[in-house]
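Asker: Protein sequences appear in the order of chains A and B.
Plus 53 on top of the position in the first sequence (first one is 1) and you've got our numbering.
Plus 53 on top of the position in the second sequence (first one is 1) and you've got our numbering.
Each residue gets a CB set at the ideal place from its N, CA and C atoms; glycine is no exception.
Below are the structure tokens for one structure; questions will follow.
2 protein chains.
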Amino acid sequence: MPTPQYGRPRYLVIASKLRARVISGLIAPGSLLPSEGALMVEFKASRGTIRHALALLRDEGLVRTERGRGTVAAAQARTDGAGQEVDLSSHIIPASTEVSRLLGVPRGELVEEEQIVVRRSGKVTEIINSYRRLNTNLK
Amino acid sequence: MPTPQYGRPRYLVIASKLRARVISGLIAPGSLLPSEGALMVEFKASRGTIRHALALLRDEGLVRTERGRGTVAAAQARTDGAGQEVDLSSHIIPASTEVSRLLGVPRGELVEEEQIVVRRSGKVTEIINSYRRLNTNLK
DNA sequence: AGAAATTTGTCCGTATGTATC
DNA sequence: AGATACATACGGACAAATTTC
């Protein structure tokens, strides 16, 4: 599969999923992500594609990689505590006025919205909406 | 040649040489760098290695790449040297429909919105909006 | 302490998709 | 329409650092 052909590039899709795990705390800060080999199996992707995805998270400061050890989830401010549940979802939506202005894209252009809903004992305590461009033109 | 074996990785060496050409003006601002294919021949490196080098210059804001056209020496710019700037702001706003529904507060009730705007080289790459109730001793 | 296994880093070659000229 | 150029993705190989036994 040389190129997506439909949908977004695989390394972006993989990056989104891994990002969600880290941001949500599903992968605890300081703990190791699955090895590149394990991710290759899980996502059925080549190592290059996996590394491409990880490079994005690295650039975002979300993870840090150590040769011989693995990739570590960066210390994260928010995250867990006891009895905290997290729902996350990701959609592709048209940019709102505010988002388009800040991201510098035309209004209505498709962007990725990732939403994290944090609950404590069933009660929503925090909502986090993040927006990113789709294209990202490499890196 | 699987690995440098001596000295620095080839993609770093290549990046340095290209960087020098751009900074020195040898490659005029706005003009095209040699194509990836040409660079492969010149540096006797694989395309992946060439692209790795170009990605570095791109991150530094020194060049910009356009699919189908080529890689262009940046006009000028260079706002700062580094990677990522973050703007943090916090406001008290009335809850939108969505926020009120999720947080379980009456629509219009005041909530705290914290906004994080992430920029790289002056360009906004991500917006994060988080919403919390005001009167919660729970963080 | 030393050897083996694991894991990331670098590099190559190839193939195909997609945008631009 | 054809050629050129960048983007994505695969596969293999070896090097270097760390962990494990």
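Which residues mark the beginning and the end of the alpha helix (DSSP H) in which A/Ile103 is found?
Answerer: Numbered from 1 along the first sequence, position 50 holds the residue referred to as residue 103 of chain A. 100-112 is the span of the alpha helix (DSSP H), which, as asked, contains A/Ile103.
Asker: Since B/Gly38 is in the beta strand (DSSP E), which residue starts that stretch and which ends it?
Answerer: Absent from the model: residue 38 of chain B. The displayed extent of chain B is 54 to 192, so no value can be given.
Asker: Buried or exposed: which applies to A/His105, given that a residue is buried once 16 or more other Cβ atoms fall within 10 Å of its Cβ?
Answerer: Here residue 105 of chain A refers to the residue found at position 52 when the first sequence is read from its first residue. It counts as buried.
Asker: Between A/Arg186 and chain B, is any beta-carbon pair separated by less than 9 angstroms?
Answerer: Taking the first sequence and counting its residues from 1, the one referred to as residue 186 of chain A is at position 133. Closer than 9 angstroms to some Cβ of chain B, the Cβ of A/Arg186 qualifies, so yes.
Asker: Output needed for A/Thr118: all residues of its chain with C-beta closer than 8 angstroms, excluding positions within five of it in sequence on either side, in chain order.
Answerer: Here residue 118 of chain A is taken as the residue at index 65 of the first sequence, counted from 1. Result list for A/Thr118: Leu107, Arg111, Thr124, Val125, in chain order.
Asker: Considering A/Arg72, what are the terminal residues of the alpha helix (DSSP H) in which it resides?
Answerer: Translated into positions along the first sequence, residue 72 of chain A becomes position 19. First-last of the alpha helix (DSSP H) with A/Arg72: 63-77.
Asker: How about B/Leu71: is its C-beta nearer than 9 angstroms to some C-beta of chain A?
Answerer: Here residue 71 of chain B refers to the residue found at position 18 of the second sequence. Cβ-Cβ to chain A under 9 angstroms: no for B/Leu71.
Asker: From A/Ala128 to A/Leu86, what distance separates their C-alpha atoms?
Answerer: Along the first sequence, read from residue 1 onward, the residue named residue 128 of chain A stands at position 75. Along the first sequence, read from residue 1 onward, the residue named residue 86 of chain A stands at position 33. Taking the straight line joining both Cα atoms gives about 13 angstroms.
Asker: Whole angstroms is fine: what's the gap from B/Gln58's alpha carbon to B/Gly175's?
Answerer: On the second sequence, residue 58 of chain B is found 5 positions in, with the first residue counted as 1. On the second sequence, residue 175 of chain B is found 122 positions in, with the first residue counted as 1. A caution first: B/Gln58 carries a pLDDT of 49, below 50, which makes its placement in the model too unreliable to give a value.
Asker: I want to verify the contact list: residues of chain A whose CB lies under 9 angstroms from the CB of B/Val116, in sequence order.
Answerer: Position 63 of the second sequence, counted from the first residue, corresponds to residue 116 of chain B. Going along chain A, no residue has its Cβ under 9 angstroms from B/Val116, so there is no contact; the nearest lies around 12 angstroms.
Asker: So B/Val152 is in the beta strand (DSSP E); what residue range does that whole segment cover?
Answerer: Within the second sequence, numbered from 1, the residue matching residue 152 of chain B stands at position 99. Unbroken run through B/Val152 is the alpha helix (DSSP H), 150-156; no beta strand (DSSP E).
Asker: Only counting the same chain, and skipping five residues up and downstream in sequence, which positions put a Cβ closer than 6 angstroms to that of B/His144?
Answerer: Here residue 144 of chain B refers to the residue found at position 91 of the second sequence. Around B/His144: Glu166.
Asker: Report buried or exposed for A/Ser84, applying the criterion of at least 16 other Cβ atoms within 10 angstroms of its Cβ.
Answerer: If you number the first sequence from 1, residue 84 of chain A lands on position 31. Looking at its Cβ environment, which holds fewer than 16 other Cβ atoms inside 10 Å, A/Ser84 is exposed.
Asker: Nearest chain B C-beta to A/Lys176 closer than 9 angstroms, yes or no?
Answerer: Translated into positions along the first sequence, residue 176 of chain A becomes position 123. Cβ-Cβ to chain B under 9 angstroms: yes for A/Lys176.
Asker: Could you give the DSSP three-state label for B/Leu115: helix, strand or coil?
Answerer: Residue mapping note: residue 115 of chain B aligns to position 62 of the second sequence, counting from 1. Of the three classes helix, strand and coil, the one that applies to B/Leu115 here is coil, per DSSP.
Asker: My output table needs one value for A/Leu187: the three-state DSSP class, helix, strand or coil.
Answerer: Reading the first sequence from its first residue, position 134 is the one you call residue 187 of chain A. Correct three-state label for A/Leu187: coil.
Asker: From the DSSP output, in three-state form, read off A/Ile169 for me.
Answerer: Position 116 of the first sequence, counted from the start, is the residue given in the question as residue 169 of chain A. If DSSP states are grouped into helix, strand and coil, A/Ile169 belongs with the strands.
Asker: Buried or exposed, going by whether 16 or more other CB atoms sit within 10 Å of the CB of B/Ser88?
Answerer: Along the second sequence, read from residue 1 onward, the residue named residue 88 of chain B stands at position 35. Looking at its Cβ environment, which holds fewer than 16 other Cβ atoms inside 10 Å, B/Ser88 is exposed.
Asker: What does a CB cutoff of less than 8 angstroms around B/Val177 pick up in its chain, not counting 5 residues either side in sequence?
Answerer: Residue 177 of chain B sits at position 124 when you count from the first residue of the second sequence. Excluding sequence neighbours, B/Val177 sits near Val170, Val171.
Asker: If the cut is a Cβ gap below 7 angstroms, which residues of chain A does B/Leu65 touch?
Answerer: Counting from one through the second sequence, the residue named residue 65 of chain B turns up at place 12. Under the 7 angstroms cutoff, chain A gives no residues; its nearest Cβ is about 15 angstroms from B/Leu65.
Asker: Using a C-beta to C-beta distance shorter than 9 angstroms, which residues of chain A count as neighbours of B/Glu179?
Answerer: Within the second sequence, the letter at position 126 stands for residue 179 of chain B. Simply Glu113, Leu156, Ser183, Tyr184, Arg185, Arg186.
Asker: Measure the C-alpha to C-alpha separation of A/Arg186 and B/Gly114 and round it to an integer number of angstroms.
Answerer: Taking the first residue of the first sequence as position 1, residue 186 of chain A is located at position 133. Taking the first residue of the second sequence as position 1, residue 114 of chain B is located at position 61. Computed Cα separation, rounded: 18 angstroms.
Asker: By DSSP, does B/Leu85 sit in helix, in strand, or in coil?
Answerer: For this step, residue 85 of chain B is matched to residue 32 along the second sequence. Strand at B/Leu85.
Asker: Does any residue of chain A bring its CB to less than 9 angstroms from the CB of B/Val125?
Answerer: For the purposes of this step, residue 125 of chain B is taken as the residue at position 72 of the second sequence. No, because no Cβ of chain A sits closer than 9 angstroms to the Cβ of B/Val125.
Asker: Going by DSSP, which residues form a beta bridge with A/Leu92?
Answerer: For the purposes of this step, residue 92 of chain A is identified with residue 39 of the first sequence, where counting begins at 1. Partner(s): none; A/Leu92 has no beta bridge.
Asker: With distance defined between alpha-carbon atoms, name the residue in B/Gln168, B/Ala68, B/Ile76, B/Arg72 nearest to A/Val152.
Answerer: Here residue 152 of chain A corresponds to residue number 99 of the first sequence, with the count starting at 1. Closest option to A/Val152, Cα to Cα, is B/Gln168.
Asker: Leaving out five residues on either side along the sequence, give the residues of the same chain with a beta carbon under 6 angstroms from the beta carbon of A/Ile67.
Answerer: The sequence position of residue 67 of chain A within the first sequence is 14, counting from 1. So the qualifying residues of the chain are Phe96, Ala106.
Asker: Just verifying my parser: in three-state terms, what is the DSSP assignment at A/Ile80?
Answerer: One-based indexing of the first sequence puts residue 80 of chain A at position 27. Here A/Ile80 sits in coil by DSSP.
Asker: Between B/Val75 and chain A, is there a C-beta pair that is closer than 9 angstroms?
Answerer: On the second sequence, position 22 is the one that residue 75 of chain B refers to. Chain A contact via Cβ: absent.
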